[in-house]
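Q:
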Amino acid sequence: MLAQPVDEKGFSMTNINTPFKEYSNPLYESVEPEDWTSGLCCLFANALHERFDLPMRALLVRSKHDGSKTLVHAFGALPGNQMVDALGIRSEADLMTAYGDYSERDWRVLHGALPHEEFDVVIEDVTLGNLWALNPEDHEATNAAHAYIVSRPDLFGSLAMQGQ
10 MLAQPVDEKG
20 FSMTNINTPF
30 KEYSNPLYES
40 VEPEDWTSGL
50 CCLFANALHE
60 RFDLPMRALL
70 VRSKHDGSKT
80 LVHAFGALPG
90 NQMVDALGIR
100 SEADLMTAYG
110 DYSERDWRVL
120 HGALPHEEFD
130 VVIEDVTLGN
140 LWALNPEDHE
150 ATNAAHAYIV
160 SRPDLFGSLA
170 MQGQ
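Quick note on my numbering: the sequence shown kicks off at 10 and runs consecutively.
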């Protein structure tokens, strides 16, 4: 069997769907871009970290009562308070604006805030371990995230150029 060409980080250059291993979970074979910004944002941030060596950050809701934190969104951090997620590069301020007013009831319910609980919205450095413990499917989702990154040079091509 001939060796497959890989880039400087060890990612496959011939088959974008298998940077690490073959995956077979149909859930990840046709992931919509908006899924990478909602339910799978942690895994997408991890793929950005693996591929471009970006630090991971997260938008969190932090209770003023007990300090507990709830994840809102994870992303890759860039210099100058810039961030990158499946929508591309933007400022952390734009991200905060995109997630809107956290005093609305729907956000409070979604992120586990009690009816009269006071909280802050913060951005902090994180690792995937901080976000949750990996299970076997996470590797498959990360592979799918790598495939999406490769398929969208319009959004992520400038990141590849930064590493050169």
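Backbone N, C-alpha and C fix where the C-beta goes; we use that ideal spot for every residue, glycine too.
(1) How big is the Cα-Cα spacing for Gly97 and Arg161?
(2) Considering only their Cβ atoms, is the gap separating Ala67 from Glu133 smaller than 8 Å?
(3) Which residue from Leu104, Arg99, Leu137, Ala154 puts its Cα closest to that of Glu130?
(4) Return helix, strand or coil for Val130, following the three-state DSSP convention.
(5) Within its chain, find whatever has a CB closer than 6 Å to the CB of His58; leave out the 5 residues flanking it on each side and keep chain order.
(6) Could you tell me which residues DSSP puts in a beta bridge with Phe84?
(7) The beta strand (DSSP E) with Asp94 in it runs from where to where?
(8) To which residues of the same chain is Lys78 closer than 6 Å at the C-beta, ignoring the five residues directly before and after it?
(9) Can you grab the Cα-Cα spacing for the pair Ser39 / Gln91, in whole Å?
(10) Grab the span of the beta strand (DSSP E) containing Gly97 for me, first residue to last.
(11) Candidates Val135, Tyr157, Leu164: which alpha carbon is nearest Leu63's?
(12) Who does Thr79 pair with in a DSSP beta bridge?
A: This is what the structure gives:
(1) C-alpha separation (whole angstroms): 9 Å.
(2) Against a cut-off of 8 Å, the Cβ pair of Ala67 and Glu133 comes out as a contact.
(3) The displayed chain sequence assigns Val, not Glu, to residue 130. It is Leu104.
(4) Reduced to three states, the DSSP call for Val130 is strand.
(5) Once the five neighbours on either side are set aside, the close Cβ partners of His58 are Met65.
(6) In the DSSP assignment, Phe84 is bridged to Arg66.
(7) 91–94 is the extent of the beta strand (DSSP E) around Asp94.
(8) Excluding five sequence positions before and after Lys78, the CB atoms of its chain that fall closer than 6 Å to its own CB belong to Leu69, Arg71, given in chain order.
(9) Their Cα atoms are separated by approximately 28 Å.
(10) Taken as a continuous stretch (DSSP letters only), the beta strand (DSSP E) holding Gly97 covers 97–100.
(11) Here the closest residue by C-alpha is Val135.
(12) Looking at the DSSP assignment, Thr79 forms a beta bridge with Val70.
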